[in-house]
Each structure stands twice: as C-alpha cells, then as structure tokens.
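Remarks on the structure that follows.
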Amino acid sequence: MDHIRHIGAAAAVAVVVTALAGGAVVVAQERDGVRNRSESTVVAPAAAKPALRLSATPRTVDAGKVITFRVRTSTKHPRSVRLQRWDARRKVWRNAAKRTVRASATIRLKPATGSVRYRAVAPRVKHRSGGRTHVHATARTKTLVVTARAVKRTVPSRPATLTADEKTLLTAVRSARTTYARPGIQGAADRGAEACLTASARRHSAWMASLGRAVDPGSAEHRAAARPLPVADCPGRTVTTVTRAVGGSTAAAAVQGSVDAWLSSPYGETGRLLSACHDAPGFEYGIAAPVVGDTRWLTVLVASDTSATTGSGAC
Numbered sequence: 002m003d004h005i006r007h008i009g010a011a012a013a014v015a016v017v018v019t020a021l022a023g024g025a026v027v028v029a030q031e032r033d034g035v036r037n038r039s040e041s042t043v044v045a046p047a048a049a050k051p052a053l054r055l056s057a058t059p060r061t062v063d064a065g066k067v068i069t070f071r072v073r074t075s076t077k078h079p080r081s082v083r084l085q086r087w088d089a090r091r092k093v094w095r096n097a098a099k100r101t102v103r104a105s106a107t108i109r110l111k112p113a114t115g116s117v118r119y120r121a122v123a124p125r126v127k128h129r130s131g132g133r134t135h136v137h138a139t140a141r142t143k144t145l146v147v148t149a150r151a152v153k154r155t156v157p158s159r160p161a162t163l164t165a166d167e168k169t170l171l172t173a174v175r176s177a178r179t180t181y182a183r184p185g186i187q188g189a190a191d192r193g194a195e196a197c198l199t200a201s202a203r204r205h206s207a208w209m210a211s212l213g214r215a216v217d218p219g220s221a222e223h224r225a226a227a228r229p230l231p232v233a234d235c236p237g238r239t240v241t242t243v244t245r246a247v248g249g250s251t252a253a254a255a256v257q258g259s260v261d262a263w264l265s266s267p268y269g270e271t272g273r274l275l276s277a278c279h280d281a282p283g284f285e286y287g288i289a290a291p292v293v294g295d296t297r298w299l300t301v302l303v304a305s306d307t308s309a310t311t312g313s314g315a316c
C-alpha cells in the first residue's frame, strides 16, 4: 500500500511539473506574440522635406538657348531666394537671379558656354504668425550642373562692304573698345565688320525705323514681334548688341553722341559695347547706320565664335 501511495504522489508531482512547464511555454508564446504584434505595427517616420529644392529643365542645351530653373520651398511664407552660379575662375558663388518665393518660382537663364554649377540659397528669416515668432534657418540646395554646348559655325566669316556712315560708326566703336575695354579685350584680334552680322544689323535698323523707336534684339517688344535674334541669323556666334535712334545731326555728331551715351549708360549698354561678360581670341562686328527721314537708326553687333568664347567672370 505504501508503494502504491508513493507511486500516486510521484504521479501527482509529475502532473504538476508538466502543467507548470506547459504554462510557462504558453506564457512565453503569448509574450512573443505580443512582441511580434507590437513590432509589426511600428512605422518609420517620413523623411522631412528639404526646406529648399532646385531643378533645371533641360540640363543640356545649345549655347544661347534658355534653361528653366525651378525653385521650391517648403515654408508657407514668402521667402527671398537667390540662384547662384559657381565662378570657377574666382572660386566664389555669384548671384545669377533673385526671387521672392512662397511655394515655387521659375527662373529662365541663358548659361555661358560650358558646364556650370548652380545652387539656390535662402537666408535665415523670422516670421510672426498668431502672435508667435518662428525662425527659418538658412537653407541651401544641392548643386546641379547645366551644360551649354558650343554651336558650330555654319557660315565662314566674310568681310562686309560698309557705307560711309557705317565706316564712321565702326571707327568710333573700335576706338571706344581700344580705350575703355579690359586689357584682355584690347589684346584680342579685331576682325572688322562681317557680312552676315552686318546684314542682320541692317535688317534690325530697318525694323526699328518702321516702329519709330530704338528697340534692342531680345527685348520684350522684339520677342513679341517674333523677330529673329542675331545668333539665329548668324549661328555659332556669341553676340551682344547696342542700338540708338538719333535725329537732326550729322553722321559724325550722331555717332560720337551715341558712343558717349553707350559708354555712360546705366542700362548695361556699356558692358555690351565693351564685351564685359566675355573673353575670346577675336571679335567682329555687324554695323548699320541708315537714315530714314531725319533720323539715324544705329545698330552695333559685337560677336565672337561661341566655341572659343568663355565667361569673363564679371557678369
């Protein structure tokens, strides 16, 4: 009987141990299940939007074509943003354009020939809203590279045959550039008046005479009239232009007065006449000075081969 009681007690202990072990396994499984469920519901936070973003379309164009830059900001307030380009010669960032941006803004530029890096920068700014002031830190975008390919010349240069008034104008332009231009421009080859450029200048002067006022190529009025630019008339060249209408004067007085006005102009004519923005081995000209009624319609094109032209870093 004692033997039977010992067997019964041992069996009872075995049952209790088995139950406890089973309970432990169940508890462990339940804990693992809870842990797995909690882990499966964790969601990674979304990455914060950059305060400032910059894109460009297209990234590669022919020289003289427009690239559209788009600046986006995640702030909900108007914010001053500067588009900057990298000046590889001076090793500094230069401002290319400035816009006040609330959400996005578009900037259109004609980049210099070659590959150029751009970025957008927004300075630190404070805003007050709902009686509280909050600060937006200085923001900079990543840099992006745009490329302007040099357009090959399709027509070789040919000397132009000028009228007496056009010769007077060309002489005055050459003298101004020799006297006032940068040393690099003074040392460049002066190739004289070129036939294609001069034909383009004459067409432009005739169009100005029909309007009754001086208008620069590329201006809003010129674009509205769907007039071709000199670079379209004579591909493969980088061209700058100055124009003027002068009434009631001799050819010499009209030319000298116009050159003096261009040299003292606050509207960028000085830089265009003296090639302030470009360096090149040589320059040639398109010259027109027709007289219609009692008015002289002057157009001067200053051009260089695009494939050999680089930015001076001054513009």
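In this note's numbering, the protein residues as written are 2 to 316. Heads up, the beta-carbon is just placed ideally off N, CA and C, and yes, glycines get one too. Computed from a predicted model, the values in this text were never measured in an experiment.
For chain B, is any of its Cβ atoms less than 9 Å away from the one on residue i?
{"i": "V216", "result": "No chain B appears in this structure, which consists of one protein chain only."}
Near residue i, what residues of its chain come up, given a Cβ to Cβ distance below 7 Å and the 5 sequence neighbours on each side ignored?
{"i": "A315", "result": "A277, C278"}
{"i": "R214", "result": "A246"}
{"i": "H135", "result": "H128"}
{"i": "V259", "result": "This sequence places Ser at residue 259; Val is not what is there. If we look at S259 and ignore the five residues flanking it on each side, its Cβ neighbours are R245, V247, L299."}
{"i": "T76", "result": "A52, H137"}
{"i": "A45", "result": "In this predicted model, A45 has a pLDDT of only 47, less than 50, meaning its place in the structure is not dependable enough to derive any value."}
{"i": "R175", "result": "D191"}
Spatial neighbours of residue i within its chain, please: CB distance less than 6 Å, with the 5 preceding and 5 following residues excluded, ordered by chain position.
{"i": "T311", "result": "D280"}
{"i": "T296", "result": "A246, G248"}
{"i": "T300", "result": "A202, H205, S206, T244, A289"}
{"i": "S308", "result": "A151"}
Of the choices the options, whose alpha-carbon is the least far from that of residue i?
{"i": "A104", "options": "S116, A151, V82, V156", "result": "V82"}
{"i": "R80", "options": "T199, T101, D166, K92", "result": "T101"}
{"i": "A233", "options": "R245, A246, A202, Q257", "result": "A202"}
{"i": "T144", "options": "A253, T251, V72", "result": "V72"}
{"i": "Y181", "options": "V216, R273, K92, K77", "result": "R273"}
{"i": "S313", "options": "I108, T300, I186", "result": "I186"}
{"i": "L163", "options": "A106, P291, S308, A309", "result": "P291"}
{"i": "A89", "options": "A196, A113, T107, E195", "result": "A113"}
{"i": "V126", "options": "A225, G115, T139", "result": "T139"}
{"i": "K99", "options": "V122, V93, A255", "result": "V122"}
{"i": "A161", "options": "E222, K92, V293, E285", "result": "E285"}
{"i": "S158", "options": "V146, P236, R228", "result": "P236"}
Going by DSSP, what residue range makes up the beta strand (DSSP E) through residue i?
{"i": "S105", "result": "105-110"}
{"i": "G115", "result": "115-123"}
{"i": "V136", "result": "133-137"}
{"i": "D88", "result": "80-88"}
{"i": "L53", "result": "53-58"}
{"i": "A304", "result": "296-306"}
{"i": "L145", "result": "145-150"}
{"i": "S130", "result": "126-130"}
{"i": "D63", "result": "61-63"}
{"i": "R73", "result": "68-74"}
{"i": "V102", "result": "93-102"}
Report whether the distance from the Cβ of residue i to the nearest heavy atom of the ligand PLP is below 8 Å.
{"i": "L212", "result": "In terms of ligand content, the structure shown is empty, and the ligand PLP therefore cannot be addressed."}
Apart from the five residues on each side of it in sequence, which residues of its chain come closer than 8 Å, Cβ to Cβ, to residue i?
{"i": "P231", "result": "L198, S201, A202, H205, P218, R238, V240, T242, G287, L302, A304"}
{"i": "N96", "result": "R83, L84, Q85"}
{"i": "V16", "result": "In this prediction, V16 scores a pLDDT of 46, lower than 50, which makes its location untrustworthy; the coordinate-derived value is nonetheless stated afterwards. For V16, where only same-chain residues beyond five positions count, there are no Cβ hits under 8 Å."}
| said: Quick check on the DSSP output: what are the complete alpha helix (DSSP H) runs of length 4 or more inside the stretch 169-202, in order along the chain? | reply: 184-187
| request: May I have a chain-ordered list of the beta strand (DSSP E) segments no shorter than 3 residues that lie completely inside the stretch 221-286? | output: 238-248
| message | Three or more C-beta pairs under 8 Å: does that hold for the stretch 163-170 against the stretch 209-218? | response | no
| message | For the structure I just gave you, are there three or more beta carbon pairs, one from the stretch 59-79 and one from the stretch 144-158, closer than 8 Å? | response | yes
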